[in-house]
Amino acid sequence: MHIGVEIFPTDTTIGAVELAREAEAHGFESLWFPEHSHIPTRRTTPWGGREGAPPLPEFYWRTHDPFVALGACAAVTSTIKLATGICLVAQRDPIHTAKEVASVDSISGGRFLFGIGYGWNKEEMAQHGTPYLERRAILRENILAMKQLWTNDEASFEGDHVTIEPSWAWPKPTQQPHPPVILGGTAGPRTAADIAEFCDGWMPIGGHRPLEKLDEVRAACEKIGRDPATVEIGLFGAPPDAEKLESLAARGVTRAVMGLPQGDRSEVLATLEELAPLVEQMADVPVG
16 MHIGVEIFPT
26 DTTIGAVELA
36 REAEAHGFES
46 LWFPEHSHIP
56 TRRTTPWGGR
66 EGAPPLPEFY
76 WRTHDPFVAL
86 GACAAVTSTI
96 KLATGICLVA
106 QRDPIHTAKE
116 VASVDSISGG
126 RFLFGIGYGW
136 NKEEMAQHGT
146 PYLERRAILR
156 ENILAMKQLW
166 TNDEASFEGD
176 HVTIEPSWAW
186 PKPTQQPHPP
196 VILGGTAGPR
206 TAADIAEFCD
216 GWMPIGGHRP
226 LEKLDEVRAA
236 CEKIGRDPAT
246 VEIGLFGAPP
256 DAEKLESLAA
266 RGVTRAVMGL
276 PQGDRSEVLA
286 TLEELAPLVE
296 QMADVPVG
């Protein structure tokens, strides 16, 4: 099992570049940065879309652009995988995003993981011109369009939400045919169908029974004739406990990503030190 770490990179915590160096030096497999372009001050959507959620933490509107931060991290590392966790694809331009993904993958020598999600903040989406109820359909078409740009010398796409006339777009990703596309979030029927259709992995968020929809994802794959084993299963917000991680590995989880504190440099580095033994402990644990 691979062990990764995640943090909102901001101007109030450890620098992204130093964190990348330290995470790689401690043997972590991957480093994940989330995305929020901005947080409207008149937001009424509760945190995570969950009624009764606590107030939204300040780091949500202080976070750096993940692609810029990951590009900087790529320049000072050589082995650690660099990931969006997650990228809000539905509120982004697919042509621009395809180039950012390909650029980071190229600069890093093929170390990029494209974590994506539908998003929950209605007001943030609205200011990008994305209707909340159409976010799933828009994400789907954006990803399908990006795949055309990554894999064809002359790319085009025609959908209900995205149209790309025949175009040239480089660089192409170093990873072929493209970096892994990993969908985050709970898998209901529609999410499971999306994972089966156009994703390389699924990464639900840890908590109570995080893998309860795993059978639904596997059934969605079988329905379209896809081998469920080709969908890599990860867990975001995984517990820093070897026994629990071994249990998750037995369920088929290949990657566990653990959150770092949104604290100062010393607090973040101390947590890296605490988590580092799990890297070696879990390295040879069988999966599935």
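For the sequence shown, the numbering used here begins at 16 and goes up steadily by one.
C-beta atoms are modelled at their ideal positions from N, C-alpha and C, and glycine is treated no differently.
What does the alpha-carbon distance come out to for the pair residue i and residue j?
| i | j | result |
| --- | --- | --- |
| Lys-137 | Asp-299 | 42 Å |
| Met-218 | Ser-182 | 32 Å |
| Arg-224 | Glu-212 | 24 Å |
| Tyr-147 | Met-140 | 7 Å |
| Trp-62 | Thr-56 | 13 Å |
| Ala-87 | Arg-266 | 35 Å |
| Pro-81 | Asp-279 | 19 Å |
| Ile-101 | Ile-197 | 9 Å |
| Val-246 | Glu-227 | 16 Å |
| Glu-156 | Asp-175 | 8 Å |
Looking only at C-alpha atoms, which of the options sits nearest to residue i?
| i | options | result |
| --- | --- | --- |
| Glu-282 | Gly-199, Cys-102 and Gly-30 | Gly-30 |
| Ser-123 | Gly-144, Thr-92 and Gln-142 | Thr-92 |
| Phe-127 | Arg-155, Ala-98 and Pro-204 | Ala-98 |
| Gly-132 | Glu-169, Glu-73 and Pro-49 | Pro-49 |
| His-143 | Asp-108, Lys-238 and Trp-47 | Asp-108 |
| Ser-262 | Asp-175, Glu-44 and Met-297 | Met-297 |
| Pro-204 | Ile-18, Ala-234, Gly-274 and Ile-220 | Ala-234 |
Specify, as a first and last residue, the run of the beta strand (DSSP E) that residue i falls within.
| i | result |
| --- | --- |
| His-17 | 17-21 |
| Trp-217 | 216-218 |
| Leu-71 | Note, Leu-71: premise wrong, no beta strand (DSSP E); not H, not E. |
| Ser-118 | Per DSSP, Ser-118 belongs to no beta strand (DSSP E); it is in the alpha helix (DSSP H), 109-122. |
| Glu-44 | Taken as a continuous stretch (DSSP letters only), Glu-44 belongs to no beta strand (DSSP E), as it is neither H nor E. |
Mind checking which residues open and close the alpha helix (DSSP H) that includes residue i?
| i | result |
| --- | --- |
| Ser-52 | Taken as a continuous stretch (DSSP letters only), Ser-52 belongs to no alpha helix (DSSP H), as it is neither H nor E. |
| Ala-40 | 31-40 |
From the DSSP output, read off the bridge partner residues of residue i.
| i | result |
| --- | --- |
| Gly-130 | Ile-197 |
| Arg-270 | His-17 and Gly-249 |
| Glu-295 | Glu-295 pairs with nothing; no bridge assigned. |
| Glu-237 | For Glu-237, which the question treats as bridged, DSSP gives no partner whatsoever. |
| Glu-258 | Partner(s): none; Glu-258 has no beta bridge. |
If residue i and residue j are in contact, beta carbons under 8 Å, what's the gap, nearest whole angstrom?
| i | j | result |
| --- | --- | --- |
| Val-272 | Ala-253 | 6 Å |
| Gly-216 | Pro-195 | 6 Å |
| Thr-166 | Ile-153 | Not really, about 21 Å apart at Cβ, beyond 8 Å. |
Under 7 Å: does the beta carbon of residue i sit that close to some heavy atom of the ligand MN?
| i | result |
| --- | --- |
| His-143 | By its list of ligands, the structure shown contains no ligand whatsoever, and the ligand MN lies outside what it can speak to. |
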